[in-house]
C-alpha cells in the first residue's frame, strides 16, 4: 500500500513539473522572462530528471542577458545525459551566446553540432554562415547560406547574409543579385528577417514544452446521444429531389452559426427545411429553436447543397454563402436579423459556366493572410455528374490538377475578384471536380494550405506567392474517391492529421501526418460500409482526446452514424452502441455539424439526411469531464478568427486545434472550441497563433468557463518618442518625426514626400534640471529604424502675458509649415462646437475630453467623412486668426492606405469651410493639417482666409482625428521675444529596452512608462548597419546628413546646459521647444525596404543613398541578426 501511494505521489510530482515547465514556456512567449525562469526552476526542483526544464532555465537566463549563468547551465547540459547532449536547443543556445559574446570560433562549433543532430533546419545553417562571416571565412559562409536557402528559398536573412558574403568576397554582381532577392522577399512579405527578440531567432532558440503527457485517456464515462429534434422545435420537411441528380443526391449540408450575435448557436440548412427548401433556425435558449427563415429575408423555395459562414466584411456579424447546383449565393448579414443577397454586387459571378457545373462545398478562407475572408467554391463539371462519379481513376500517381474551384479573393471593400487560375486551382480536365475543401496548415509554415476532396485527395501547398503546389503525400493507396475531410491532431504531436470519407469501402480512413513528409494510414475499427459522407472530429466525452464520427451506408442501403473513441496509443474503439447512436434511425445520412448549442459544455450533433429530415442530437453526459469553451475574435485578422491555431495545455496534456471555415462535408461546425480537460481543474495555457503571426498566450483558464479572446493589439509602428526629466522620472512628452517617415505607400507607384523636421513644445512647469542639466531621452519603443540628423533645444524668452507655440501640423504635401513662433494672448474657446450628428461637443472640448463620435471603416486610420463645426464667437473682420488645436490621430498605415485604395477610399486631408451670409459653405483651405501623432497642439492659420463677417467654420476629413481642446487666438504676431538654440552638451546612444506601453482612448493615445522597461519586446527590427553605441554628439550637431541610425529599444541620452542663457527680464518667462531633424522607416507590409536599414537611408531632398555612404559608426548587420 505504501508503495502504491508513493507511485501516486511520484506521478503527481511529474505532472506538477510538466505543468510548471509549460507555464514557464507561456510566460516566455509573453516576454515575462523572470516569471518564466521561476517556473522552470520549480519544474526542475519537482522533477530533476526533466531535462527540458534545466535547458529552459539556460534559455531564459540568456533572454535576461545573464550570460554567465546561462553559459554555466547550458554547458552543464552538454555533459549530462545522452538525451541532453543530443538536444539541439542546447547547442543552438550556446551558439547564440557565443556569437553575441564575440566568440565566433566557438559559435561555429556549436551550430555545427546542431547540424549533426538536425541538418534540415534553415535557421541553423543561417547562423552558421553568420559565424563564418564574423571570422571572415566567406567561402564557408556562402556554403552555409546556400544550405539555408536550399531548405527555405524564402529565408530573408540568409539572402541578406549571402549578399554581404559575396560583397566582402569582391563578387559585387552576385551580391547585388542576392540583395535584390532579399528586397523582393521582404517587400512582398514572403519572408521575415530574423530579429533580435525572443521568438524571432529560429525554432531551436525557443524553450521547449514538456514531453511529459498523459499516456492514455482517462477511463470512459457514461455518455448518451439523444434525438431531441422534435423537442427542440426543429421542424423539417424532406425535399423531394431527383434520384438521378448526383449533385442533389450528395446533399444537403448544414452550418452552425451565431447570426444575431447573442452568443447562442443557430442552425442553417441548405435544404429540407420547414418549407422543404433552405431554412434558418434561431436558437431561443432553453434548447428550443424557432424557424425564422422568412423573417430573415431568405427564400424558402431555394434548394441548396452546401454552406459556409464567416464575417467576410469584418463588421462583427456572421455572413453566409450557399451553393446551388449552378450558382453561389452570398448573403450579407444586415445586423437586424435579416440577410440580403449581395451576390452580384459583391462580384460573385460564374458567367459562362451555368449548366456546366454543380457547386458543392464552400469554405471561407484567408489564403493571402490579408485580414479578410476569401471564398473558395468547389465544383463538379457536368461530365462527372453524367458519369455518376466524382472523378475518373488516374493512370498514374503523379499529381494532376483535377481539383477545380472558383477562388473569390476579398478586395476589402465588400467585393470579390475571381483568381483561381492565377493560383493554379482551376481544373484542366473535363472530369476535374471536388465535393469540398478545407484550409489547414499541414506543414506548420504558418501559411494556410488547402486539402481538396478528389479521386485522390490533394494537398495544395500555399507558396505565399504564385500558384499553389499540388502534393500527394500518401504512404499507401487511397482506397476510394474522397467525399468528406476532417482535420485533427489525434496523437497530440502538433501536426494536423487527416480523416476522409469515401465513395467506396471501407468508407472511412485516418492518416497520420509524418511531419509533412508523408501521411501514413492508421487502423480504425472495421465497418461494413460501401460509402460514407459526413465526418466530424470532436471530443465527445471531454477527456482531452479528439474522437471521430462519420456517417456511412452499408451494401443494403442502411444508414449508420458511428463514433470512434480515441484511446491514445491504443488506437480507436467503436463506441456507437455505448452512446446510443445505434438506437437512432438514419436514412441516407449526409452532413454532420457539431456545436454546443445548449451551452452545457458537451458537444452536440446535427445530422442531415438526403430526402429526409435533419436530426438534432443532444450530448448527455459529456460534460461530466471538465472542459473550457473558447471563442475567438480577430483584430488585425478576420473577425471570425478563421485560420487561427489554438493549443491547450492542461496537466501535461497538449491539444492542438485550428479554426476552419468548413471542416467535414458540405457544411461547417461552430467556430467555438470545446477543449476537454478530463479531471484537470483548469487549462494551464491557451496559446493562439493568429493568421498574421501574432502569438498570444492566456494562462490558467478555469474549467467550466466560456472564455472569449480578442486578438492582441500588436502596434508595431509609431514614431521615435521623447521623454523629459520632471524631477522624479522621465515623463512622456510625445512622439516625433511622424512626418519624416520614408517609403510610405500613398498611391499606386507613389511614395510620400517626407518632412524631416519637427518642433514640440515642452511643458514649462514640469521641466526640471538634473545635475544642472535639462535631461531627455529620445528613443524608439517599437519596430522602426530611426535616422537622426540633428537635435537642439530652442529657448524662447517672452512676456508672461503671452503663450507661445511652434507652427506645427502634419501637411499631406508640400509646402510644409515653415518654422515660426506663434504668439497667443488670452486665447478663447469657441462659442459653440458641434459634430456631424449635431451633438454639442463644446463641454467636452472645455473639459479636455476627446471628441470623435464618427463611424470608422475597416481600414486603419480611416473613418467615414465627418465634420466639426465651430462658432468663432465674434464675426471675423480681418486680421490675425489662429486655431490652437490640441488633439491626436490614429495613424493610417501604409497597408491601411493600400487596402483602402483597393476599396476606392482615399484620404481626405482636413479642410476648412466658412459659412457665408446666405448660409452656404465655402472652402477656404484645402489642407489645414492634422496633429502629427499622439496628443499635441497644432496650429492652423486662418488669417485673411475667411470672408468678412464669418462666424461659423467647419472642418471636414475622413481621417481618424480626435480633438480634446480648441482655442481661438486673434493676437498680432509682431511680438517681442528672444530665441536661443542650445546644442546638446551630451548625446550617448545606448540600449534602453521597451518601456511599458499603455493603450489609452481614443485609439492612438499611447502612453509609456519609461522606467518600467523590458529587455526584450514582441518586435523585430530592420536588419543592416546601425550606429555603434556611445557618443553621437558630433553626428547630431548640424544638419549634414551624418546620421545616428538606431532601432528598436535604442535611445539617445541627451543633456542640454541652460546655464549660459541670459537672465530673464522682469515679467518675462522662458519656454523651450525641442527640435528633432531626421527620418524614420517602419516595417509595414507596403513600406519600401521596410525590413532593412538600407538602401532607403534618406538625405535632405529625399534622395536615398546606400548605407556605405552614411558617415556614421556602424554595427555589422550580423550583430543584429
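In the working numbering, the protein residues as written are 2 to 1122. Virtual Cβ for every residue (Gly too), placed ideally from N, Cα, C.
Proximity winner among the options, relative to residue i (alpha-carbon distances)
i: residue 525; options: 541, 535, 531, 508; result: 508
i: residue 125; options: 140, 137, 292, 145; result: 145
i: residue 494; options: 478, 456, 443; result: 443
i: residue 642; options: 686, 839, 315; result: 315
i: residue 996; options: 988, 989, 1013; result: 1013
i: residue 1; options: 1048, 616, 476, 1078; result: Missing from the structure shown is residue 1; the chain here goes from 2 to 1122 and no further.
i: residue 685; options: 619, 706, 571, 702; result: 702
i: residue 59; options: 205, 134, 103, 109; result: 205
i: residue 94; options: 940, 53, 134, 155; result: 53
i: residue 793; options: 410, 986, 781; result: 986
i: residue 674; options: 660, 944, 438, 804; result: 660
i: residue 435; options: 637, 760, 649, 456; result: 456
i: residue 223; options: 917, 584, 622, 914; result: 622
i: residue 1036; options: 988, 268, 1064; result: 988
i: residue 226; options: 821, 109, 582; result: 582
i: residue 1; options: 880, 1031, 945, 969; result: The chain is shown only over 2 to 1122; residue 1 falls outside these bounds and no answer can be derived.
i: residue 452; options: 201, 253, 512, 505; result: 512
i: residue 291; options: 268, 307, 980; result: 268
i: residue 545; options: 182, 625, 931; result: 625
i: residue 592; options: 924, 528, 663, 867; result: 663
i: residue 764; options: 567, 936, 916; result: 936
Endpoints, the alpha helix (DSSP H) within which residue i is located
i: residue 37; result: 34-47
i: residue 333; result: Residue 333 -> not in any alpha helix (DSSP H); beta strand (DSSP E) instead, spanning 329-334.
i: residue 110; result: 105-118
i: residue 143; result: 139-152
i: residue 133; result: 123-135
i: residue 162; result: 157-169
i: residue 423; result: 421-424
Beta bridge counterpart(s) of residue i as assigned by DSSP
i: residue 225; result: 621
i: residue 590; result: 610
i: residue 833; result: 872
i: residue 441; result: 450
i: residue 1056; result: 776, 987
i: residue 867; result: 958
i: residue 1033; result: According to DSSP, residue 1033 bridges with nothing at all.
i: residue 308; result: 323
Unbroken beta strand (DSSP E) run spanning residue i, endpoints
i: residue 609; result: 605-610
i: residue 807; result: 804-807
i: residue 284; result: 280-286
i: residue 101; result: No beta strand (DSSP E) holds residue 101; the alpha helix (DSSP H) holding it covers 89-101.
i: residue 845; result: Unbroken run through residue 845 is the alpha helix (DSSP H), 843-847; no beta strand (DSSP E).
i: residue 290; result: 289-292
i: residue 256; result: 256-258
i: residue 471; result: 470-472
i: residue 1012; result: 1007-1015
Residue-level contact to chain C via CB, residue i, 8 Å cutoff
i: residue 859; result: Among the chains of the structure shown, chain C does not appear; only one protein chain is present.
Write down every uninterrupted run of the alpha helix (DSSP H) in the stretch 483-571 whose length is 4 residues or greater and which is fully enclosed by it, in chain order. List check, alpha helix (DSSP H) in window: nothing returned.
Mind pulling the alpha helix (DSSP H) runs of 4 or more residues that sit fully within the stretch 747-792? With a minimum length of 4 residues, no continuous alpha helix (DSSP H) run stays inside the stretch 747-792.
Would you check if the stretch 32-43 and the stretch 59-73 touch, i.e. whether three or more CB-CB distances between them fall below 8 Å? With a cut-off of 8 Å, the stretch 32-43 and the stretch 59-73 count as touching, because enough Cβ pairs lie within range.
Whole alpha helix (DSSP H) runs in the stretch 51-82 with 4 or more residues, listed along the chain? If you keep only unbroken alpha helix (DSSP H) runs of at least 4 residues inside the stretch 51-82, you get 52-64, 68-79.
Which whole runs of the beta strand (DSSP E) in the stretch 871-938 are 3 residues long or more, in chain order? Listed in chain order, the beta strand (DSSP E) runs fully inside the stretch 871-938 are 883-890, 912-916, 922-926, counting runs of at least 3 residues.
Pick out the complete beta strand (DSSP E) segments inside the stretch 634-706, 3 residues or longer, and give them in chain order. Taken in chain order, the complete beta strand (DSSP E) segments of 3 or more residues contained in the stretch 634-706 are 646-651, 654-659, 674-679, 683-690, 696-703.
Check whether the stretch 850-857 and the stretch 937-947 are in contact - that is, three or more C-beta pairs closer than 8 Å. With a cut-off of 8 Å, the stretch 937-947 and the stretch 850-857 do not count as touching, because too few Cβ pairs lie within range.
Touch test, the stretch 485-493 against the stretch 648-659, Cβ-Cβ under 8 Å, three pairs minimum: Yes, they touch.
Pairs of beta-carbons, one from the stretch 403-421 and one from the stretch 624-633, closer than 8 Å: are there three or more? Touching, no, given that fewer than three Cβ pairs across the two stretches are closer than 8 Å.
Just checking, does the stretch 1068-1085 make contact with the stretch 796-808 on the three C-beta pairs under 8 Å criterion? Judged by Cβ distances under 8 Å, the stretch 1068-1085 makes contact with the stretch 796-808, as three or more pairs qualify.
Do the stretch 906-913 and the stretch 774-794 touch if we need at least three Cβ pairs shorter than 8 Å? Segment contact: the stretch 906-913 against the stretch 774-794, fewer than three CB-CB distances shorter than 8 Å; contact not assigned.
contact_flag[the stretch 604-620, the stretch 537-547] where n(CB pairs < 8 Å) is 3 or more: Judged by Cβ distances under 8 Å, the stretch 604-620 makes contact with the stretch 537-547, as three or more pairs qualify.
Check whether the stretch 688-700 and the stretch 271-287 are in contact - that is, three or more C-beta pairs closer than 8 Å. With the cut-off at 8 Å, the stretch 688-700 and the stretch 271-287 do not touch.
Inspect the CB distances between the stretch 1051-1065 and the stretch 759-778 and report whether three or more fall short of 8 Å. The stretch 1051-1065 makes contact with the stretch 759-778: 3 or more CB pairs, one atom from each, lie closer than 8 Å.
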